[in-house]
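So the structure is just underneath, and the comments pick up after that.
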Amino acid sequence: MKLYIMPGACSMVPHTALEWTGADYELEILDQDSVKSEDYLRINPQGAVPAIVDGDTIVTQNIATQVYINANYPEANIFGTDTSPAGQAKLMQWLAFLNADLHKAFGPLFAAEGFVEGDAAQENLKKKAKEKIVHLLRLPNEQLGKTDYLTGSKTTADIYLYAALTWSKKFAIDLSDYKNFDGFIKRIEEDAGVTEILRQEELEKIGSL
Ligand SMILES: N[C@@H](CCC(=O)N[C@@H](CS)C(=O)NCC(=O)O)C(=O)O
């Protein structure tokens with residue numbers, strides 16, 4: 001199985017999942033140019049990571065890559081130890097929130113020029129995006145006041161949240177009202193799989209917000 005990633009991107013979620021499986025896998029590290037190259041567009045016409053190539057199988061879209069890893073390595077419990085219908089639905093609820101709502105809200109911060117023209121409009125859009133991100137992050141912060149991880153055990157949803165928190169720090173989003181994230185970041189950065197993927201992606205641990 002080969003995983004395509006960009007350092008620090010949302011691809012750190014399936015990357016960590018593969019580390020958790022303990023299986024051998026190949027890693028292809030892309031950059032802003034190679035993610036739009038003709039060769040890679042044949043794998044993912046959207047020009048985005050993550051993607052998995054496994055023989056004739058190509059999987060794109062973050063959650064789908066996780067589903068594929070989970071189906072191949074169910075014993076790794078990347079979707080948590082509560083495999084009941086309710087437990088798996090709760091996990092999917094968090095993944096959908098993280099992928100479709102929270103991740104999406106960062107779009108203007110990474111590339112405001114793709115949304116509006118002009119410096120003033122772009123600055124305003126970035127401000128609005130930050131407000132939306134702060135609003136959305138109240139939900140995981142509340143949950144982490146009750147449990148160490150988003151669901152009953154550590155899952156890929158926690159790694160997706162961790163990725164979003166690293167982006168929040170990069171864009172200097174003020175999350176000082178949210179008291180539960182620093183302990184969560186510490187727990188996640190103690191994970192052996194996370195430690196390994198950060199090494200492979202040549203990223204520093206952030207420690208706190
Ligand atoms: N909906 C897609 C979003 C993937 C996505 O936005 N990937 C970003 C990195 S986090 C990317 O590859 N961006 C490259 C670009 O847009 O140039 C998914 O879930 O996989």
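In my numbering, the protein residues as written are 1 to 209. All C-beta atoms, glycine included, are put in the ideal place defined by N, C-alpha and C.
- Not one heavy atom of ligand 1 is found less than 7 Å from the C-beta of Gln66.
- The continuous beta strand (DSSP E) containing Ile52 extends over residues 51-54.
- By the Cβ-count criterion, Ile58 is exposed, with fewer than 16 other Cβ atoms from all chains shown falling within 10 Å of its own Cβ.
- A straight-line Cα-Cα distance of about 16 Å links Thr195 and Ile78.
- Not one heavy atom of ligand 1 falls within 7 Å of the beta-carbon of Met1.
- The Cβ atoms of Tyr73 and Thr21 lie closer than 8 Å to each other.
- If you compare the alpha carbons of Leu144, Glu201, Lys126 with that of Ser168, the shortest gap goes to Lys126.
- Excluding five sequence positions before and after Asp101, the CB atoms of its chain that fall closer than 7 Å to its own CB belong to Leu136, given in chain order.
- Contact between the stretch 97-112 and the stretch 153-170 is present: 3 or more CB-CB pairs across the two stretches fall below 8 Å.
- If you check the CB distance, Leu144 and Ala129 do not come in under 8 Å.
- In chain order, Thr16, Glu19, Trp20 place their CB closer than 7 Å to the CB of Gly193, counting only its own chain and leaving out the 5 sequence neighbours on each side.
- A residue is called buried once 16 or more other Cβ atoms fall within 10 Å of its Cβ, and Gly80 is buried on that count.
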